[in-house]
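Student: Submitted below is the structure of interest, expressed as structure tokens.
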Amino acid sequence: MVKASIKKVVGYVRVSSEGQKENTSIQEQLKRISAYCVSQNWQLVKTFCDEAKSASCTDERQEYNAMVEYVCDKTNGIDAIIVFKSDRIHRHLKNLLIMIEDELEPNDIAFVSVSENFDTASPQGMLTLQMLGSFAEFERNLINERTRSGRMVTAKSGKYAGGKIPYGYMLQDEQIVVNEVEAHIIKQIYRMYLEGKSYAYIAELLNRLQNNDLDDSGCSSQHKVKQWSRTSICYMLRNSTYTGIYSYNGRKEKNNLQSKTAIPAIISKQQFNKVQRMRIDKKATTYGKEL
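In terms of this note's numbering, the sequence shown opens at residue 131 and continues consecutively.
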């Protein structure tokens with residue numbers, strides 16, 4: 131559980147091309163966040179800002195990753211992250227909850243939304259977040275369902291049905307195949323985590339290797355990772371796509387849209403399941419210490 135008393139917070143603001151049309155400019159978000167902090171008698175220690183960045187790709191949001199590192203550093207004494215609206219940090223409830231559960235709660239950090247008037251320091255705030263996110267997800271699902279049938283036919287034929295190609299894979303002749311360079315990095319990430327290394331350690335090591343040109347990921351990698359972060363490492367360790375389960379439009383569907391062989395596995399199910407058990411055990415250990 132996160133602490134009930136909030137004193138020191140950091141703000142996060144983001145705009146994309148769509149955001150400019152929604153009257154959520156950087157200045158407006160900062161104004162609302164600052165006013166809310168004053169009303170709650172909170173100290174706004176620092177503000178992180180990503181301009182013209184998409185919510186869907188956190189690896190490209192340098193300020194977002196810097197913020198996560200900053201608040202998880204206990205020496206900074208941060209109690210909460212505050213945003214104007216929850217979709218400024220993640221558009222999808224699933225991704226927001228992953229961040230809260232994996233990054234914030236274990237470090238005793240609350241999440242606060244000004245316009246939606248909730249914070250996760252209380253059970254009521256967490257319930258409000260889930261309800262708001264559920265309504266938004268429902269609306270998106272209705273829209274997605276209108277185009278899903280055509281894509282399903284494409285997927286069943288063994289061809290690429292659209293969407294972002296995950297790190298570790300590439301598109302070749304309308305088929306998703308393994309990118310060997312990226313797959314090697316993924317295997318190293320899983321190996322290091324199974325050896326007991328933390329998200330932060332793995333990210334720091336990959337960044338150091340990348341900066342020193344000790345790996346060749348820049349040669350044939352399809353995905354350009356500017357900066358590895360705790361968040362990106364966590365995402366890869368949770369991503370069941372690497373076991374050969376095809377991710378279609380945000381849903382994990384096994385043997386429905388494509389056969390198992392349509393998406394080659396990079397990580398064995400045994401490795402993946404062991405990593406998930408380790409993550410759960412670490413989370414339980416963290417909570418136990420707090421209690």
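No residue lacks a Cβ here, since even glycine has one placed at the ideal position from N, Cα and C.
1) Find the nearest neighbour of residue 136 within the set 397, 210, 145 and 252, judged by alpha-carbon distance.
2) Roughly how many angstroms separate the alpha carbons of residue 359 and residue 275, rounded to a whole number?
3) Would you kindly report the start and end of the unbroken alpha helix (DSSP H) that includes residue 361?
4) For residue 242, does the three-state DSSP call read helix, strand or coil?
5) With a cut-off of 8 Å, do at least 3 Cβ pairs link the region 294 to 304 to the region 195 to 211?
6) For residue 214, which of helix, strand or coil comes out of DSSP?
7) Could you check whether residue 250 and residue 219 sit closer than 8 Å to each other, using their CB atoms as the reference points?
8) Going by the beta-carbon positions, is the gap between residue 485 and residue 139 smaller than 8 Å?
9) May I ask you to verify whether the region 159 to 178 touches the region 305 to 319, counting CB pairs closer than 8 Å and requiring at least 3?
10) Applying the criterion that 16 or more other CB atoms from any shown protein chain within 10 Å of the CB defines a buried residue, is residue 259 buried or exposed?
11) Return the CA-CA distance between residue 244 and residue 159, expressed in angstroms with no decimal places.
12) Quick one, which of 290, 312 and 268 has its alpha-carbon nearest residue 302's?
13) Which stretch, first to last residue, makes up the alpha helix (DSSP H) that contains residue 221?
14) Per DSSP, what kind of secondary structure is residue 176 in: helix, strand or coil?
15) Report the partner residues of residue 162 according to the DSSP bridge assignment.
16) Please report the distance separating the alpha-carbon of residue 300 from that of residue 315.
17) Using DSSP's beta-bridge definition, name the partner residues of residue 144.
Tutor: According to the structure shown:
1) 210
2) 33 Å
3) 360 to 368
4) strand
5) no
6) coil
7) no
8) Outside the modelled stretch of the chain, which goes from 131 to 421, sits residue 485, for which no answer is possible.
9) no
10) buried
11) 9 Å
12) 290
13) From DSSP, residue 221 is part of no alpha helix (DSSP H); its letter is neither H nor E.
14) strand
15) Answer by DSSP bridge pairing: none, since residue 162 is not bridged.
16) 15 Å
17) 180
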